[in-house]
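Our numbering runs 168 ahead of the 1-based position in the sequence shown. Data block below; observations after.
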Amino acid sequence: MSERDTYDVVIIGAGFSGVHQLLKIRKLGLTAKVFEAGEDLGGTWLWNRYPGARVDSPMPLYQFSDPEIWRDWTFTEKYPGGKEIQAYFQYVDKKFDIKRDVSFNSRVVSAHWDDSRDQWTVTVDDGRVFQGQFLSLCTGVGSKYYIPRFKGLDAFKGEMHHSSRWPEDYDFKKKRVGVIGTGATGVQIIQEIAPDVAHLTVFQRTPNLTLPMRQQKLIADEEEKVKKDLYEISFKRRHQTFTGLHFDINPKLMRDATPEERALAFEEQWEKGGFHFWMGSFADLLFDQKSNDEAYAFWRKKVRERVPNPELQEKLAPTQPPHPFGVKRPSLEQRYYEVYSQANVTLVDISKDAIEEITSNGLKTSDGVEHELDVLVLATGFDMVTGGITSIDIRGQDGITIKEKWADGVRSYLGVASATYPNMFWIYGPQSPSSFTNGPSSIELTSDWIIDCMKFMKENNISSIVPTAEAQHAYSELVDQLGAVGLWSRAKTSWYMGSNVEGKKTQMLQFSGGIPAYAKLCNDSAVKGYDGFHLKTASVHA
Ligand SMILES: Cc1cc2nc3c(=O)[nH]c(=O)nc-3n(C[C@H](O)[C@H](O)[C@H](O)COP(=O)(O)OP(=O)(O)OC[C@H]3O[C@@H](n4cnc5c(N)ncnc54)[C@H](O)[C@@H]3O)c2cc1C
169 MSERDTYDVV IIGAGFSGVH QLLKIRKLGL TAKVFEAGED LGGTWLWNRY PGARVDSPMP
229 LYQFSDPEIW RDWTFTEKYP GGKEIQAYFQ YVDKKFDIKR DVSFNSRVVS AHWDDSRDQW
289 TVTVDDGRVF QGQFLSLCTG VGSKYYIPRF KGLDAFKGEM HHSSRWPEDY DFKKKRVGVI
349 GTGATGVQII QEIAPDVAHL TVFQRTPNLT LPMRQQKLIA DEEEKVKKDL YEISFKRRHQ
409 TFTGLHFDIN PKLMRDATPE ERALAFEEQW EKGGFHFWMG SFADLLFDQK SNDEAYAFWR
469 KKVRERVPNP ELQEKLAPTQ PPHPFGVKRP SLEQRYYEVY SQANVTLVDI SKDAIEEITS
529 NGLKTSDGVE HELDVLVLAT GFDMVTGGIT SIDIRGQDGI TIKEKWADGV RSYLGVASAT
589 YPNMFWIYGP QSPSSFTNGP SSIELTSDWI IDCMKFMKEN NISSIVPTAE AQHAYSELVD
649 QLGAVGLWSR AKTSWYMGSN VEGKKTQMLQ FSGGIPAYAK LCNDSAVKGY DGFHLKTASV
709 HA
């Protein structure tokens with residue numbers, strides 16, 4: 169039987185966003201097809217199979233809120249590893265037969281809008297072509313990996329892997345491994361493999377201002393009780409806090425607190441672990457340099473207590489902050505600092521001795537040292553937030569690609585749609601709260617908003633919806649202004665600002681006003697009949 173080629177909704181991506189969209193679209197009675205570049209479900213957790221991959225939001229928050237799903241699934245750790253999240257996706261598939269509507273190993277290369285038919289034409293990399301009234305971009309924030317242009321990259325004779333293209337069950341033992349990058353991924357890999365490898369050389373440009381994870385095993389019986397008492401509450405709470413976690417920023421300013429109050433609050437947040445010291449701190453932490461310096465000093469003291477060697481102390485927790493604390497997403501670590509006291513681990517500060525070139529035997533730094541390696545791990549991150557969308561040749565009403573439109577900066581309305589691209593929505597992408605939040609919290613919020621919008625359109629005989637230029641301008645200005653009031657831009661290279669990728673426009677890429685403020689903007693538009701959008705009734709061109 170030949171595959172049908174027209175759907176109400178074409179979804180790109182089969183991670184949390186794509187799966188949530190599919191389930192809700194089925195309930196709405198519409199047809200949908202998901203195209204996924206990877207070979208299975210899971211998105212981020214399918215691609216990022218590097219050793220130590222682990223979620224940084226505590227359970228039960230990092231999962232779907234549908235009771236039909238959580239009732240029969242219990243995670244074994246407060247912060248589960250990537251493998252367990254992959255297994256979770258298989259479980260969700262078993263329950264709802266997700267895969268019957270997914271085409272795997274199918275990378276969408278283009279999506280072109282036809283204004284006369286109110287329809288998208290979507291082309292897959294194997295040449296298949298599909299039509300959809302709606303295009304739902306569930307392409308994720310980190311689906312396009314990034315490797316800086318190192319000289320001699322092709323010269324290396326050993327094995328080289330970007331962290332998001334990891335070979336299954338790779339054995340590092342007895343190997344001399346180099347890791348470039350100490351972002352969240354680098355930290356996870358380093359702490360995981362350090363005990364087992366012959367030698368580990370870490371190339372660090374900026375120390376990661378990590379926080380203690382404080383991992384816990386979850387006991388199945390106890391979790392059943394928590395499910396009954398607290399799961400529903402926790403999921404509702406996700407939409408009431410800035411980050412979509414279960415706790416919120418302390419409204420008090422650090423500068424108004426007494427020294428004793430500050431000291432005790434810091435200790436308490438530190439002991440709780442996770443993001444408490446970041447997104448559960450005083451309200452001015454990310455806005456006032458002096459307050460931030462104080463938090464940094466506390467952080468530095470805590471880290472240095474775990475690093476006996478003074479030279480390493482200065483590299484890992486420098487006297488001068490490399491950037492304000494928390495303007496980059498802190499990694500949650502589990503034994504990261506102890507690693508550097510191992511005899512088989514070397515830390516190279518490439519902010520001083522820069523990477524000069526990759527050689528056939530390893531990596532040469534500007535002090536003339538050649539670090540010999542069998543394996544080179546590129547934990548060099550992603551073209552974050554925008555890369556997944558701009559990699560597709562998406563053309564709207566004026567035939568201009570979204571990549572060209574965004575060359576001088578992302579512009580959107582409500583971080584969900586863009587002027588001249590009708591019936592196209594994205595989830596967990598540019599100018600939404602995305603990476604300032606726990607993933608599923610903002611994903612479900614936006615996905616539900618899109619579903620309600622589709623329902624409204626069907627019920628009111630509306631064939632297309634597109635943001636007005638004015639509404640887009642006002643919203644994008646708001647995102648810029650919110651980004652400018654914080655300390656965010658003080659980090660030299662930050663993917664929050666797009667400045668980790670050479671040549672990319674530096675701008676705040678996400679809505680930094682928190683989930684409740686964002687949800688209010690979205691809801692206000694919806695209750696006013698999708699204010700800020702131009703709606704076209706089907707009869708206009710029938
Ligand atoms: C390394 C890493 C660690 C993270 N850790 C956390 C965490 O601990 N906590 C947290 O809250 N968030 C974390 N995130 C963010 C995480 O991405 C979200 O929590 C969530 O998984 C996003 O789901 P998604 O479905 O929107 O996107 P993704 O999970 O990224 O899925 C997008 C999918 O779209 C597919 N795709 C993209 N382009 C195309 C195309 N053209 N054609 C076909 N398919 C395409 C990709 O292959 C991918 O499978 C992390 C992100 C990364 C990169």
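Glycine included, every Cβ here is placed at the ideal spot set by N, Cα and C.
Which stretch, first to last residue, makes up the alpha helix (DSSP H) that contains residue i?
i, result
"L484", "478-484"
"H444", "444-447"
"F257", "250-264"
"K704", "Run containing K704: none in the alpha helix (DSSP H); it sits in the beta strand (DSSP E), 701-705."
"E645", "637-653"
"T674", "It is not in any alpha helix (DSSP H) - T674 carries neither H nor E in the DSSP assignment."
"R430", "427-440"
"Q457", "457-472"
"A694", "683-695"
"F318", "Looking at the DSSP string, F318 is not in any alpha helix (DSSP H), and its letter there is neither H nor E."
"I361", "352-361"
What's the C-alpha gap between residue i and residue j?
i, j, result
"M169", "F298", "Because M169 carries a pLDDT of 40, less than 50, the predicted location of this residue cannot be relied on, and the following value inherits that uncertainty. Cα-Cα distance, rounded: 16 Å."
"R317", "N629", "51 Å"
"S225", "V277", "32 Å"
"T426", "K458", "14 Å"
"S667", "I179", "29 Å"
"K688", "K696", "12 Å"
"F264", "N512", "48 Å"
"K325", "F604", "39 Å"
"Y230", "D535", "44 Å"
"I193", "Y596", "18 Å"
"K571", "T674", "15 Å"
"K660", "H491", "8 Å"
"E540", "G530", "5 Å"
"F624", "G412", "26 Å"
"K385", "I526", "41 Å"
"V394", "G577", "44 Å"
"D389", "A182", "31 Å"
"E391", "R406", "19 Å"
"R382", "E245", "11 Å"
"T199", "P375", "48 Å"
"Q437", "L453", "13 Å"
Hey, residue i and residue j: beta-carbon distance below 7 Å or not?
i, j, result
"L515", "Y504", "no"
"K343", "V370", "no"
"V495", "V345", "no"
"N418", "F450", "yes"
"I348", "T548", "yes"
"S610", "G651", "no"
"F443", "Y464", "no"
"W334", "Y218", "yes"
"S580", "D286", "no"
"V669", "Y314", "yes"
"L377", "P498", "yes"
"G739", "T588", "In this structure the chain extends from 169 to 710, so residue 739 is not present and cannot be described."
"C306", "G210", "no"
"C690", "W594", "no"
"S274", "V290", "no"
Which first and last residues belong to the beta strand (DSSP E) in which residue i is found?
i, result
"K532", "530-533"
"L198", "Here L198 belongs to no beta strand (DSSP E), and DSSP marks it neither H nor E."
"I526", "523-526"
"F298", "297-305"
"D620", "Here D620 belongs to no beta strand (DSSP E); instead the alpha helix (DSSP H) covers 607-627."
"S278", "276-282"
"I387", "Unbroken run through I387: none, as it is neither H nor E."
"E543", "Reading the sequence as shown, one finds Val at residue 543 and not Glu. That run of the beta strand (DSSP E) goes 543-546."
Exposed or buried, residue i, counting other C-beta atoms within 10 Å across all chains shown (16 or more means buried)?
i, result
"A642", "exposed"
"L432", "exposed"
"V553", "buried"
"V634", "buried"
"K262", "exposed"
"S284", "exposed"
"A710", "At A710, the pLDDT of 40 sits below 50, so the modelled position is not reliable and the matter cannot be decided from this model."
"V653", "exposed"
"P248", "buried"
"L677", "buried"
"G671", "exposed"
"R222", "buried"
For chain C, check one thing: does any of its Cβ atoms lie closer than 7 Å to the Cβ of residue i?
i, result
"E501", "The displayed structure is made up of one protein chain only, and chain C is not part of it."
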